[in-house]
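Read through the structure below, which is laid out as structure tokens, and then see the notes.
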Amino acid sequence: FEREVIVERTKDGMKGAIEDGHFSGPPPLGYKRENKRWVIDEEKVDLVKEIFNLCLEGNTYSQISHIMKERHPKVILKCKTDEKTGKEEIIYRKWEEDSFNGILNNKAYIGIYEWGKSSKDREIVEIKGKIEPIISEEIFWQCQENIKRNGRNYYRKKKYLFMQKIKCPNCGRMMACNGSKGYLYYK
Numbered sequence: 008f009e010r011e012v013i014v015e016r017t018k019d020g021m022k023g024a025i026e027d028g029h030f031s032g033p034p035p036l037g038y039k040r041e042n043k044r045w046v047i048d049e050e051k052v053d054l055v056k057e058i059f060n061l062c063l064e065g066n067t068y069s070q071i072s073h074i075m076k077e078r079h080p081k082v083i084l085k086c087k088t089d090e091k092t093g094k095e096e097i098i099y100r101k102w103e104e105d106s107f108n109g110i111l112n113n114k115a116y117i118g119i120y121e122w123g124k125s126s127k128d129r130e131i132v133e134i135k136g137k138i139e140p141i142i143s144e145e146i147f148w149q150c151q152e153n154i155k156r157n158g159r160n161y162y163r164k165k166k167y168l169f170m171q172k173i174k175c176p177n178c179g180r181m182m183a184c185n186g187s188k189g190y191l192y193y194k
């Protein structure tokens, strides 16, 4: 019984801190931590805007990944100090496709912190007004539409010649390749 009481008190304490704008964990790209709060990181905010603009243009995760690797190959993810030598090691962002899922679907960029998102048995609580938005809600939701439209073609086990290149003339969705044994078709 006492364990349940402790768990509830801990959850209440965490929720209270979050409602005050004190967020746990590392801030997403474009933000930095100051006095337990997330504030806009002026050095990286343009990267976030660029990613959302690339998505608005209809680019897929794969295309955005390729563009960002080309344009920004040396963006610092974090600095780590080697315990033995004491030297600081810089770790660069890899711009993998799945990292754009985390960026483009993160409501923090429109000023909403989602608490409980990573827990399966907890309801998600949206806390508004504690984070300064980087992009408008209109841009965010348009990107969600683009992601949904191209969603089925983001992850592939095989690479095809016209992968992520041919769009359906009727709906604008990326066409997928099917078939086997040398007989391929796009639908």
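So the mapping is simple: the numbering used here equals the position in the sequence shown, first residue as 1, plus 7.
Where a beta carbon is used, it is the ideal one built from N, C-alpha and C, also for glycine.
Treat the numbers as computed from the prediction; the structure is a model and nothing was measured.
* In chain order, what residues of the same chain lie with their CB nearer than 8 Å to the CB of isoleucine 13, ignoring the 5 residues before and after it? -> none
* Asked: Can you give the Cα-Cα distance for leucine 84 and leucine 63, rounded to whole angstroms?
  -> 24 Å
* **arginine 78, enclosing beta strand (DSSP E) - first and last residue** => First-last for arginine 78: 68-78, but that is the alpha helix (DSSP H), not the beta strand (DSSP E).
* Opposite methionine 181 in the DSSP bridges: which residues? -> Lys174
* C-alpha distance - asparagine 66 paired with glutamate 11, whole-angstrom precision -> For asparagine 66 and glutamate 11, the distance between alpha carbons rounds to 47 Å.
* To do: Answer with buried or exposed for valine 283, where buried requires no fewer than 16 other C-beta atoms within 10 angstroms of its C-beta.
  => This structure cannot settle anything about residue 283, because the visible part of the chain is limited to 8 through 194.
* At what residues does the alpha helix (DSSP H) containing arginine 100 begin and finish? -> No alpha helix (DSSP H) contains arginine 100, which DSSP labels as neither H nor E.
* Start and end residues, beta strand (DSSP E) containing lysine 135 -> Its beta strand (DSSP E) spans residues 132-135.
* Straight-line gap, asparagine 160 to isoleucine 146 (C-alpha atoms, nearest Å) -> Unreliable positioning characterises asparagine 160 in this predicted model, as indicated by a pLDDT of 48, which lies under 50. The coordinate reading is nonetheless provided below. Spanning the two alpha carbons is a distance of roughly 22 Å.
* Residue closest to tyrosine 143, alpha-carbon to alpha-carbon, out of Ile134, Lys124, Gly118 -> Inspection of the sequence shows that residue 143 is occupied by serine rather than by tyrosine. Looking at the Cα atoms, Gly118 is the closest of the given residues.
* To do: Spatial neighbours of lysine 39 within its chain, please: CB distance less than 7 Å, with the 5 preceding and 5 following residues excluded, ordered by chain position.
  => Result list for lysine 39: Val46, Asp48, in chain order.
* Asked: Where do the ends of the alpha helix (DSSP H) carrying lysine 155 lie?
  -> Where lysine 155 is concerned, the enclosing alpha helix (DSSP H) stretches over 144-157.
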